[in-house]
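Below is one structure; the comments refer to it alone.
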Amino acid sequence: MQILSRLLSRRSPATVEVAAPVLPDVVIAEPFHAFIHRLNAITVPGDLRAIRGGRALQAIVMDEAGAQVRVGQITQSAPGVDRIAFQEFPDGTGPAFWLFVVEPLGEADPAPLVPALRALAVSLGQRPLLAVGCEGPRLDRAQLSFAMISDEPPAATLPPLDQPVVDGSALSPEQRQWREEGVAILKGFLPDDLLDPYIARREQVSRPGGWRSPTPYMHVEELRRICLHPPLMGVLNSLVGEEMLLHLNLTGWVSTERDWHQDEYLSPPFVNSWYAAVWIALDRIHPDAGPFEYIPGSHRWPLLRGARVRQFMTDEERRLAAVTDSGYDAWPSVTQSYVAPIVEAEIARRGVEKRAFLAEKGDVLVWHGRLMHRGSPARQPGLERRSLIAHYTGVNHRPDMPDRRVEAGGQYAVFHTPLI
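With the sequence shown counted from 1, adding 200 to any position gets you our numbering.
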């Protein structure tokens, strides 16, 4: 009922004015996303009929484009949960839909109502998405495509260098490479006297994968000095377009062998490319050690979305993802079994090159949050690959990380995780 009260309180006179000429009385009009194959039912928390004194109501579900519309009956599937079932939507429909709860239509064909429904939806402007449960037939994951687990963020939400049109004559060499390839390579950028104190500290850790903590910068000052080095932060800020916030490290000295992915699909959907990461060589990188590999220009591909990827997890995968020795949700590693083949198929479809970063000590590669990359498999297992990785997001695009500290050079997010 709390959700329903919120929905009703947002209904405006404009809603009635737009809908009245053609539509029956509209009780609720709300958008939702359904990342599922051939959607055929949704569940909604609350009791929809209670808002009309228990009188019968019907539901209309329409895709965002208005190409498909369905009518469903409202039934209670559990206490406090209503279920709406309807004829399944065809492949490729969605993920954006609208739910309209209306006075009963009887046997009327809903198709003629579509123009008025779309006008009503447009008149309501931006709305928070309604949280619904989605149902549909299980999909053979061999049929998944890159388009089914990704989408294209609106250009208006993206950083300056990701805009469709940019004045190239005003760009620095690093900005030009960033815009064209999704990386900026800085040869010999970090001096030995900055790196060596950290290397000495890291040599005390016997685990090849480094610290298990994702935020060792909280405890290791030598590490923090590198990640917040003012010249490095200056480059990051110029590439993304605002001051950057440090929030993650990987400190392994062997390849992660993490398969193809974009970093940003691990982030909340509101980040939208205000994200960058750096790969720092602490020694010469041997080609057999599993160097960092990437697809130049793949930052212009659609963005993988975590919610879409997770829709195709099995119940067993969900159970495994929730049980980890670190206490963190492991869904990214669990879903790699089907994400990596999808990306490989997309690479083959586009006929693009894979490039390895064979670096010398002090070289830095800065990469875009949407760049497709991986820690390539080591041809000589266990061969040392001394490196340091740091991840950053624009300070104005992480409301979920409000606790921060400032040091010379930049800001870092504060987490109370032990150094293990």
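Glycine included, each C-beta is placed from N, C-alpha and C at the ideal position. Since this is a predicted model, take the numbers as computed values, not measurements.
Reference residue i; option with closest CA among the options
i      : options                           : result
Ala556 : Gln404, Phe492, Val302 and Met262 : Phe492
Leu305 : Leu257, Val435, Leu450 and Val332 : Leu257
Gln276 : Leu583, Val244, Gly266 and Gly253 : Val244
Ile349 : Tyr538, Pro337, Leu565 and Pro577 : Tyr538
Leu320 : Val552, Ala530, Pro224 and Gly562 : Pro224
His591 : Cys427, Gly410 and Arg579         : Cys427
Pro284 : Leu436, Phe512 and Val332         : For clarity, residue 284 is Ile in the given sequence; the question names Pro instead. Selected option, being the one with the closest Cα: Val332.
Asn240 : Lys554, Ala521 and Gln287         : Gln287
Trp411 : Pro231, Trp453 and Gly382         : Trp453
Trp378 : Gly569, Asp483 and Thr514         : Gly569
His486 : Lys554, Ala559 and Ala308         : Ala559
Leu503 : Ser467, Leu520 and Arg484         : Ser467
Phe470 : Ala259, Pro354 and Glu303         : Pro354
Asp340 : Gln536, Val614 and Phe512         : Phe512
Ala489 : Gly575, Ala342, Arg318 and Gln363 : Gly575
Glu544 : Arg376, Thr514 and Ala342         : Ala342
Glu230 : Gly253, Pro290 and Arg318         : Arg318
Ser473 : Thr357, Leu248 and Asp291         : Thr357
Ala278 : Leu248, Gln536 and Leu371         : Leu248
Asp309 : Ser323, Phe289 and Val271         : Val271
Leu324 : Asn437, Leu439 and Val226         : Val226
Own chain, CB closer than 8 Å to residue i, minus 5 neighbours either side, in chain order
i      : result
Val564 : Ile385, Leu386, Phe389, Leu390, Leu432, Val478, Trp479, Ile480 and Ala481
Arg338 : His237
Gly582 : Pro408 and Val454
Own chain, CB closer than 7 Å to residue i, minus 5 neighbours either side, in chain order
i      : result
Pro373 : none
Cys334 : Ala234, Ile236, Leu239 and Ile242
His419 : Leu619
Glu381 : Pro496 and Gly497
Asp483 : Lys561 and Arg586
Residues bridged to residue i [DSSP beta-bridge criterion]
i      : result
Phe300 : Ala229 and Ile260
Leu456 : Looking at the sequence provided, one finds Thr at residue 456 rather than Leu. Note: Thr456 sits in no beta bridge, so no partner.
Met444 : Gly594
His461 : His573
Leu450 : Ile589
Trp479 : Leu565 and Ile589
Ala578 : Paired residue(s): none; Ala578 is not in a bridge.
Gly610 : Glu607
Ile284 : Ile242 and Ile274
Arg549 : Arg549 pairs with nothing; no bridge assigned.
Leu555 : A small fix is needed here, since residue 555 is Arg in this sequence, not Leu. Paired residues: Tyr494.
Cβ neighbours of residue i in the same chain (closer than 6 Å, five flanking residues each side left out)
i      : result
Glu546 : Phe346
Val552 : Ile495
Leu450 : Ile589
Gly409 : Gly452
Thr456 : Gly575
Asp603 : Val614
Gln536 : Asp459
Practice item. Entirely within the region 373-437 and at least 4 residues each: give me those alpha helix (DSSP H) ranges in chain order. Key: 373-381, 392-402 and 421-427
Check your understanding: Three or more C-beta pairs closer than 8 Å, one from the region 286-300 and one from the region 234-244: is that the case here?
Key -> yes
Review point. Do the region 597-610 and the region 434-450 meet, that is, are 3 or more Cβ pairs less than 8 Å apart?
Key: yes
Review point. Hey, which unbroken runs of the beta strand (DSSP E) at 3 residues or more fall wholly within the region 492-547?
Key: 492-494
Check your understanding: What residue ranges within the region 231-282 form continuous beta strand (DSSP E) runs of no fewer than 3 residues, ordered along the chain?
Key -> 241-245, 258-263 and 269-278
Exercise for review: Assess, as a yes-or-no matter, whether the region 529-549 is touched by the region 407-424 under the definition of 3 or more beta carbon pairs within less than 8 Å.
Suggested key: no
**Study point:** Those runs of the alpha helix (DSSP H) which lie wholly inside the region 303-371 and span at least 4 residues
**Key:** 314-323
Exercise for review: Answer yes if the region 459-466 comes into contact with the region 492-504, meaning at least three C-beta pairs across the two stretches below 8 Å, and no otherwise.
Suggested key: yes
Review point. Are at least three pairs of beta-carbons, each pair with one atom in the region 500-512 and one in the region 347-366, less than 8 Å apart?
Key: yes
Review point. For the 8 Å Cβ check, are there 3 or more pairs between the region 391-409 and the region 596-605?
Key: no
Exercise for review: Check whether the region 263-275 touches the region 306-314, counting contact only when three or more Cβ pairs, one atom from each stretch, lie closer than 8 Å.
Suggested key: yes
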